[in-house]
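K.L.:
So the sequence lines, in the order shown, correspond to chains A and B.
Just remember that this note's numbering sits 4 ahead of the position in the first sequence, which is counted from 1.
Just remember that this note's numbering sits 517 ahead of the position in the second sequence, which is counted from 1.
Sharing a structure with you now.
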Amino acid sequence: MIEKIVVAAVVCWINFVMVDVLIGGLPEVPGVRGAKHIAHAIRNYGGNLNGGYMMGNIVCSPDASAGTLLASSCYYAFGSWEGGLLAATVVYFGNRICADPGYAGTTGTLTTTALIFIFSHFGFSPANFVAGMVLAIVTIQGLHHKYSSKILGSLARKMGTIEG
Amino acid sequence: MIKIVGALAVYTAIMAILTKDKPRRLPYLNAMNFCITGVIALSIQHPLGGLVALTYFILSTLESNAVASTMDRLMEVK
Numbered sequence: 005m006i007e008k009i010v011v012a013a014v015v016c017w018i019n020f021v022m023v024d025v026l027i028g029g030l031p032e033v034p035g036v037r038g039a040k041h042i043a044h045a046i047r048n049y050g051g052n053l054n055g056g057y058m059m060g061n062i063v064c065s066p067d068a069s070a071g072t073l074l075a076s077s078c079y080y081a082f083g084s085w086e087g088g089l090l091a092a093t094v095v096y097f098g099n100r101i102c103a104d105p106g107y108a109g110t111t112g113t114l115t116t117t118a119l120i121f122i123f124s125h126f127g128f129s130p131a132n133f134v135a136g137m138v139l140a141i142v143t144i145q146g147l148h149h150k151y152s153s154k155i156l157g158s159l160a161r162k163m164g165t166i167e168g
Numbered sequence: 518m519i520k521i522v523g524a525l526a527v528y529t530a531i532m533a534i535l536t537k538d539k540p541r542r543l544p545y546l547n548a549m550n551f552c553i554t555g556v557i558a559l560s561i562q563h564p565l566g567g568l569v570a571l572t573y574f575i576l577s578t579l580e581s582n583a584v585a586s587t588m589d590r591l592m593e594v595k
């Protein structure tokens, strides 16, 4: 069981970081007002500003990480991919309520639904993805802000979404 | 599985209390909300359980958004 959770955590981590960086452009600008404040606090702590923007955006608006968790939760609750579609709709309205113009959350929810559908043929349950996504977000938001923001910043730079 | 997620929720809650820097508490609280959503979703396998998890998470994000933007506004006033 543990190994399935770890594999699901790695899949979720790659999924939400890729969607957030490439489609959402979260490390470039603080999409909502509070994100800037959190990013500056992380920079003062010794972290990277662009990584901080991404972490602030994750806090302030339902982005791909929220989409990944809610898609797996609803897939588990409904027992089919239809749950993922419901989650995508709710995440879309959640984005609009939080005054976020992006589509990272909705895209992340749909990609996760597709991924869980594929992995369900290899013996993975959506519950593994719920626990895996929780593990993945704790590595970003809950372990060490200095190092996680630096990792996110350098990843965004390597993918070419930010300069410098 | 639910015990692992619950243990992570307790860990992030303790980290949020121990952190002195106020804006940096919010990422810990956000991770805690992820954990609690996971606990809600895993505790009951029923469509209504999924709806509760969805509602909890979206509204908790709205709350974090409000707290962070209020902090930003207070900084501007100062």
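All residues carry an ideal CB built from backbone N, CA and C; glycine is no exception.
1. Any Cβ of chain A within less than 9 Å of the Cβ of residue 584(B)?
2. Would you mind sorting residue 577(B) into buried or exposed? The rule is 16 or more other CB atoms within 10 Å of its CB.
3. Measuring straight from C-alpha to C-alpha, what distance separates residue 579(B) and residue 65(A)?
4. Is the shortest distance between the beta-carbon of residue 539(B) and the beta-carbons of chain A less than 9 Å?
5. Output needed for residue 102(A): all residues of its chain with C-beta closer than 8 Å, excluding positions within five of it in sequence on either side, in chain order.
6. Taking the beta carbon of residue 133(A) as the centre, do at least 16 other beta carbons fall within 10 Å, making it buried, or is it exposed?
7. Are there 16 or more other CB atoms within 10 angstroms of the CB of residue 56(A), so buried, or fewer, so exposed?
8. Pairing CB atoms from the region 536-546 of chain B with CB atoms from the region 563-574 of chain B, are three or more of them under 8 Å?
9. Would you identify the three-state DSSP class for residue 85(A), choosing helix, strand or coil?
10. Mind listing the chain E neighbours of residue 37(A)? Cutoff is C-beta to C-beta under 9 Å, in chain order.
11. Taking buried to mean at least 16 other C-beta atoms within 10 Å of its own C-beta, is residue 93(A) buried or exposed?
12. Does the separation of the CB atoms of residue 70(A) and residue 568(B) fall below 9 Å?
13. On a Cα-Cα basis, can you pick out the residue from 167(A), 85(A), 150(A) and 136(A) that is closest to residue 523(B)?
14. Mind checking which residues open and close the alpha helix (DSSP H) that includes residue 564(B)?
P.N.:
Taking the structure as given:
1. For residue 584(B), the closest Cβ of chain A is nearer than 9 Å.
2. Its Cβ being crowded by 16 or more others within 10 Å, residue 577(B) is buried.
3. Those two C-alpha atoms are separated by around 7 Å.
4. With respect to chain A, the C-beta atom of residue 539(B) has a partner C-beta closer than 9 Å.
5. Cβ neighbours of residue 102(A) beyond the five flanking positions: 36, 64, 65 and 66.
6. It is buried - the Cβ of residue 133(A) has at least 16 other Cβ atoms within 10 Å.
7. Buried, since its Cβ has 16 or more Cβ neighbours within 10 Å.
8. No: fewer than three Cβ pairs fall under 8 Å.
9. Coil at residue 85(A), not helix or strand.
10. The chain labelled as chain E is not found among the protein chains of the depicted structure, namely A and B.
11. Answer is exposed; the Cβ neighbour count stays below 16.
12. Using a Cβ distance threshold of 9 Å, residue 70(A) and residue 568(B) do not count as a contacting pair.
13. Residue 523(B) has its Cα closest to that of 136(A), out of 167(A), 85(A), 150(A) and 136(A).
14. Looking at the DSSP string, the run of the alpha helix (DSSP H) that includes residue 564(B) is 564-594.
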